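Protein chains in written order, with my numbering: chain R, 470 to 779; chain Z, 13 to 457. Contents: one structure, followed by commentary.
The structure is reproduced here in structure tokens:
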């Protein structure tokens with residue numbers, strides 16, 4: 470009321486109208502609080518606090534994308550672990566081939582014994598090819614890059630030929646970070662021996678062929694291969710180190726992502742959450758005020774001069 | 013002399029009777045809309061004779077000189093002016109809230125984020141059929157939520173325009189009523205009860221009119237009113253017994269235009285102005301939504317065209333349409349997603365084109381833009397709500413001030429009732445005294 474106290478008088482309709490709007494506004498405030506408590510959120514619609522609402526949208530977007538990052542990290546971890554164990558198997562197999570080549574390199578063996586070693590080496594070659602064709606968690610070629618088929622196929626002469634693509638795909642981990650989920654076959658199976666680009670399977674295959682009567686002096690061939698096998702083993706061990714480093718990187722990235730998620734959750738509750746204690750206290754206060762105004766309205770409205778006049 | 017006394021007492025009872033009638037009328041109309049409290053004006057009836065320069069006074073009682081309508085023209089004008097502003101702000105906020113609900117409750121922002129997320133997830137295994145299907149489905153969801161948002165916005169626009177059309181018809185009805193009231197006011201006798209009720213009608217009509225458009229009023233000596241839109245030099249809405257006809261036009265973008273007898277007019281206050289403002293914001297939001305939809309269509313279809321799908325065929329468009337209302341997912345299976353670059357073999361796991369698609373979508377930034385649209389609308393709602401609350405409380409206090417002066421108060425009417433009853437009894441007592449006097453004189457023996 471902006472009128473001066475001297476001219477202050479209220480119409481009866483005015484009194485009822487004001488009482489109605491006052492009580493309606495109190496009830497509305499109480500209901501807003503109740504909604505906030507029920508939904509555990511300070512905002513029922515964006516216009517309650519546009520800036521906070523926009524921040525909450527950005528946070529929830531980051532959250533849902535981070536969930537995908539976590540799933541990607543899990544996939545990458547699985548694949549890299551698979552790659553790691555495949556590489557261990559390959560290392561064991563090459564070591565086995567080294568032992569056999571060393572045996573074959575001694576001149577005291579008979580041709581039959583060498584042929585038998587040659588046969589063993591041939592089966593080691595087959596093992597290597599199947600290890601190189603290991604599948605990843607999605608059933609695709611683990612060491613085949615982004616190709617659709619197997620990493621290695623055997624050609625007409627029984628030699629393993631790489632049929633994958635040049636590089637492995639990389640998975641995004643979180644904003645700006647990514648990890649290469651595997652390595653391609655040539656990255657750890659191919660190496661240079663005697664100035665020539667070759668791969669471990671070709672080396673073992675030729676030794677097996679040589680020991681089974683392919684060349685005139687098999688022992689010399691075996692001696693010549695020993696060095697190449699050593700280089701090949703080094704290449705595989707290096708690859709295993711790379712895989713281990715990538716796994717460690719995923720760990721770091723995942724830890725950071727978890728911390729970010731926690732930070733976002735705490736900001737979300739700061740920006741959009743409610744303080745239950747203070748909201749309940751405020752609701753209590755409002756209901757007391759509402760009860761009081763209802764009581765005073767009842768009292769005032771029953772005060773009529775007409776009742777007093779007889 | 014005693015005959016005079018009787019006459020005076022009779023006039024007293026008549027005046028008290030009239031005052032009681034007015035009090036009863038006030039009580040009966042306590043909650044009648046637009047009723048202004050009446051009070052009785054009484055005046056002494058006397059004549060002075062001047063015979064031979066000697067002044068004598070003739071006492072002849074009291075008469076009812078008129079019935080006053082306790083209306084304060086200034087306060088009424090304030091109520092109309094502030095009411096216009098409050099009505100404008102209220103209808104604008106209502107309109108903006110509907111726009112906000114349409115954009116927010118369709119969850120279009122969430123759908124856009126889900127589409128982005130599904131594309132990101134596809135990078136983990138681009139040949140996975142279920143991940144591909146999830147991209148197509150979340151794209152379809154994005155398209156249909158954009159459709160729903162556009163439809164809801166259009167529906168909000170329809171509603172606002174319907175209301176505005178109704179407001180225009182109301183204005184025309186009210187102005188023609190005002191012209192009729194003006195016509196009758198010219199003929200009504202001064203201070204008659206007919207005039208009072210006509211004035212009540214006139215003021216009620218003006219108040220209703222001011223809720224629709226902002227008006228300026230000029231009152232003539234015969235109490236008829238001239239109404240203009242806007243300021244004192246605005247176009248005439250009502251003048252004497254003629255009223256102008258208001259018309260509404262809708263532009264192609266759904267915004268409103270008003271005309272008075274064919275000449276364009278822009279109301280600055282009242283519900284019509286508020287609806288017009290809300291519709292302008294609606295057209296803006298709708299255009300932004302169309303831009304966002306067009307951005308998504310261009311980014312996705314453009315990237316699709318430069319890659320090959322899982323069968324090694326050149327990528328076909330994923331979305332059809334040109335805007336928010338008609339965007340649709342046309343791909344029928346996830347295999348149609350061109351994740352691999354041109355030249356890649358069928359079933360390739362190369363994600364180069366998927367990466368290109370994702371970065372095209374990142375630069376189109378539909379989620380960010382939708383956030384901006386929501387922020388624009390919601391901050392407009394928040395800001396205008398503050399203005400509205402202020403204007404409504406100003407209008408309320410103006411209306412309270414008018415009520416305090418023009419409204420009926422039961423307590424004071426009760427007091428009046430007692431007062432005039434006593435006056436009536438007192439006049440009756442005077443009659444008794446006159447009778448006693450007459451009897452006394454007759455009783456002299």
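Note that beta-carbon positions come from the ideal geometry of N, C-alpha and C, so glycine has one too. It should be emphasised that the depicted structure is a prediction, and the values quoted were computed from it without experimental measurement.
Asked	Found
Pairwise C-alpha distance: residue 207/Z and residue 201/Z	7 Å
Through-space distance from residue 331/Z to residue 344/Z, alpha-carbon basis	11 Å
Boundaries of the beta strand (DSSP E) in which residue 641/R is found, first to last residue	639–643
Reduced DSSP category for residue 261/Z - H, G, I as helix; E, B as strand; rest coil	strand
Sheet register partners of residue 623/R (DSSP bridge)	629/R
Segment limits, alpha helix (DSSP H) that includes residue 330/Z	Element bounds for residue 330/Z: n/a, residue is neither H nor E.
Within 8 Å, strictly: CB atoms of residue 379/Z and residue 121/Z	yes
Helix, strand or coil at residue 548/R [DSSP, three-state]	helix
Under the three-state DSSP convention, the category residue 269/Z falls into	strand
For residue 470/R, three-class secondary structure by DSSP	Any reading at residue 470/R needs caution, since the residue's pLDDT is 35, under 50, leaving its predicted position unreliable; the model's value is listed next. Note: residue 470/R maps to coil in three-state DSSP.
Counterpart residues of residue 604/R in DSSP-defined beta bridges	610/R
Cβ-based neighbour list, residue 186/Z, same chain, cut-off 8 Å, excluding 5 preceding and 5 following	217, 220, 221 and 224
Among 425/Z, 16/Z and 158/Z, nearest to residue 382/Z - alpha-carbon criterion	158/Z
Residues that residue 71/Z bridges to, as DSSP identifies them	58/Z
Short Cβ contact (8 Å threshold) for residue 623/R with residue 598/R	yes
Residue 635/R to residue 734/R span [Cα, whole Å]	41 Å
Limits of the unbroken beta strand (DSSP E) element including residue 249/Z	248–251
Environment of residue 686/R [buried if 16+ CB atoms lie within 10 Å]	exposed
Residues of the region 427–446 of chain Z whose Cβ lies closer than 9 Å to any Cβ of chain R, in chain order	427, 429 and 430
Touch test, the region 511–522 of chain R against the region 599–617 of chain R, Cβ-Cβ under 8 Å, three pairs minimum	no
Proximity below 8 Å, CB of residue 358/Z to CB of residue 318/Z	no
Residues near residue 125/Z in its chain [Cβ-Cβ closer than 7 Å; skip 5 each side]	379
Spatial neighbours of residue 627/R in its chain, beta-carbon cut-off 8 Å, leaving aside the 5 residues before and after	674
Of the residues 658/R, 648/R and 745/R, the one placed nearest residue 715/R, counting alpha carbons only	648/R
Chain Z residues whose Cβ lies nearer than 9 Å to that of residue 541/R	132, 133, 135 and 136
Residue 278/Z in three-state terms, based on DSSP	coil
For residue 88/Z and residue 414/Z, believed in contact at Cβ under 8 Å, the rounded distance	6 Å
Where residue 527/R meets chain Z, residues with beta-carbon distance less than 8 Å	383
With 16 other Cβ atoms within 10 Å as the buried cut-off, status of residue 23/Z	buried
8 Å contact criterion, which residue 499/R and residue 759/R should meet: CB distance rounded	6 Å
Backbone secondary structure at residue 442/Z - three-state DSSP	helix
Cβ of residue 500/R within 8 Å of any chain Z Cβ	no
Start and end residues, alpha helix (DSSP H) containing residue 187/Z	141–199
Residue 745/R, buried or exposed, once every other Cβ within 10 Å from all chains shown has been counted against 16	exposed
Near-chain R residues of the region 26–59 of chain Z - C-beta to any C-beta below 7 Å	42 and 43
Length of the line joining the Cα atoms of residue 290/Z and residue 161/Z	17 Å
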